[in-house]
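A quick write-up on the structure given underneath.
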Amino acid sequence: MATIFKSLIFFLAVATLLHAGHARRRKDNAASGVVHDVTEYGAAPSNRDNRDAFLAACSSSAAGNNSTTLLVPKGTFAVGAVQFEGPCTDDGGAPVVVIDGVLQPCSGDGGGGGGGCHISHDAWITFSGLNNLLVTGDGTLDGQGHHQSGKAKQPMTTTLVFDGVKNSTLSGLRFVNSRGFHVNIRRCTHVVAEGLDIHAAATSRNTDGVHVGLSSHVRILDSVIGTGDDCVSIGPGSTDIVVSGVTCGPGHGLSVESLGKDAGERDVRGLIVKNCTVKGTTNGVRIKTWPGSPPSRASNITFQDIAMDDVTNPIVIDQRYCPHDHCSDAGEPSLVQISDVTFRRIEGTSSGPMAVRLLCSEERPCTGVSLDGIDLTCGDAPCRFEFSNVQGPVAPVVVEPAPGPAPVPVPGAGGRREEEADVASGTERLGWLTWWLPFTVRG
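According to mature numbering (1 follows the signal peptide of the UniProt record, and there is no 0), the stretch in the sequence shown is residues -23 to -1, 1 to 420, in order.
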């Protein structure tokens, strides 16, 4: 455990240094005057597609060195799907990208006739194959997803993608109303996403705030995220991920999401979610896997120092995840092995009766699950918690009966100590019984 905390402190220190370095880099670039303003390459605030001007400005900035800046100034600019590819410079670096204006997807023919506007089904703005990239500014990326109502269904387009990017930072930008995910970090290493402000309607589907997949050494820090789906979602192939200082809500919470959907998925390991606040969401912290999923693993996961405020399901492991009850393998067990999961110092209020729900696979029971310092209340009713196929102790937990109805008796239990021992032994006996205990959970 000491090693884990030392590693966390080290990586947070590295993230702080990276942030300071990027801030200095933006200031130094501005002072040097090596700025490529997209308006100098033909971009204009209008509904015309400015994609070509953006790419021309990027090409010119790439022809210099990593002290150059690509600038989108104040104003509202329409742009179609655009990909900024690297490497940009001989030394493998990338220009600083400063977005101070508002970007919106173009529509129709892009304002220029001839059907010039193209919005991808995958991504709107992509940065790929870049090293030492900084994307920052005071601007907004407006996916215009709120305009979908009453129109033909639009593609679930991700607003911004980092793909194959390393040693880079996304900082300070505002994202609103994406048509799909707001930010997707995939196939990346050593990336920091910090100070982001992400918002979409609570009813908007598949609008995750920040999604991470097939990536390592990623930090998501000090951001405010409220969407119609997960505020932060961690997908297959994610290793050494830290989520800290995130305020989440509305949405579906902070999730290790939808594992086991496809064969050959890579494992998830080494995730820390800490010092976060979750408000008015359907879930708090969650791990979910598909039923009938092929084998993979999710391990060494810690959720700690989380404040819950009016959250329906604060703590969840769901290995029977089947949205809308339309799953061809709904009756088959998940083969994703979940192990070494810690829920520590999680407190606040639940809007539902279930404080903790751990529903693990009967074929691959969860192992090494720890609940430590859980302090949740469920209004005037006692909280409940449910365990199924959880192997090993889920202690240390101190449970105190809430005022009201007496606890459901456990057959054969002769007192509180015997009852607690029987609960622990029930978890050792895997899935023979699911526990519904009318307790307020106190740590």
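Ideal placement from N, C-alpha and C gives every residue a C-beta, glycine not left out.
Counted as a single uninterrupted DSSP element, the beta strand (DSSP E) harbouring S273 occupies residues 273 to 288.
Between G257 and the set Y298, N277, I278, G329, the nearest pair of CA atoms involves G329.
Ranking S232, T224, R156 by CA distance to the CA of N252 puts T224 first. For F158, there is no enclosing beta strand (DSSP E), as DSSP gives it neither H nor E.
The C-beta distance from R163 to V187 rounds to 11 Å, too long to meet the 8 Å contact threshold.
Between R361 and the set G212, P291, G230, the nearest pair of CA atoms involves P291. In terms of Cβ geometry, P310 and E340 form a close pair [threshold 8 Å]. DSSP places R28 within a helical segment (H, G or I) once states are collapsed to three. Using a Cβ distance threshold of 8 Å, S273 and V313 count as a contacting pair. As the crow flies, the alpha-carbon of V333 is around 16 Å from that of V233.
Straight-line measurement puts the Cα of A358 at about 43 Å from the Cα of L118. Cβ-Cβ separation between L150 and G116: approximately 6 Å, consistent with a contact (criterion under 8 Å). Here DSSP, grouped into helix, strand and coil, assigns V223 to coil.
One alpha carbon belongs to F54, the other to T166, and they sit about 30 Å apart.
Ranking Q296, N366, D302 by CA distance to the CA of R263 puts Q296 first. Between D14 and V56, the gap from beta carbon to beta carbon reaches 8 Å or more.
Here P132 is exposed. Its C-beta has fewer than 16 other C-beta atoms within 10 Å.
Taken through DSSP and simplified to helix, strand or coil, E17 comes out as helix. Look at S305 here: in three-state DSSP terms it is coil, with no helix or strand label.
Boundaries of the beta strand (DSSP E) harbouring R322: 313 to 327, taken from the DSSP string. Taking every protein chain shown into account, the CB of G356 has fewer than 16 other CB atoms within 10 angstroms, so this residue is exposed. Of the residues A20, N277, A170, T259, the one whose Cα lies closest to the Cα of T326 is T259. Spatial neighbours of F320 in its own chain (CB-CB distance under 6 Å, excluding positions within 5 residues in sequence) are listed in chain order as F280, I292, L348. Residue environment analysis places T135 among the buried positions, since at least 16 neighbouring C-beta atoms fall within 10 angstroms of its C-beta. In the three-state reduction of the DSSP assignment, S181 falls in the coil class, being assigned neither a helical nor a strand state. Every beta strand (DSSP E) of 3 residues or more that sits fully in the segment 37 to 82 is shown, in chain order, as 46 to 49, 53 to 56, 59 to 62, 73 to 76, 79 to 82.
Looking at the backbone, the Cα of E242 and that of P342 are separated by about 19 Å.
Remark: C-beta atoms of A178 and H123 approach each other more closely than 8 Å. By the Cβ neighbour-count rule, D140 is buried, with 16 or more other Cβ atoms within 10 Å of its own.
For P268, the CB contacts under 8 Å within the same chain, skipping 5 residues up- and downstream, are Q296, R297, Y298, C299, C304, D306, A307, G308, E309, P310, S311 in chain order. Distance between D286 and D217, taken at the CA atoms: about 27 Å. Between T46 and V79 the beta-carbon gap is near 19 Å, outside 8 Å, which marks them as no contact. L107: not part of any beta strand (DSSP E); DSSP gives it neither H nor E. In the structure shown, A33 falls within a helical segment according to DSSP collapsed to helix, strand and coil. DSSP, read as helix, strand or coil, puts G122 in helix. S270 and V195 have their C-alpha atoms some 26 Å from each other.
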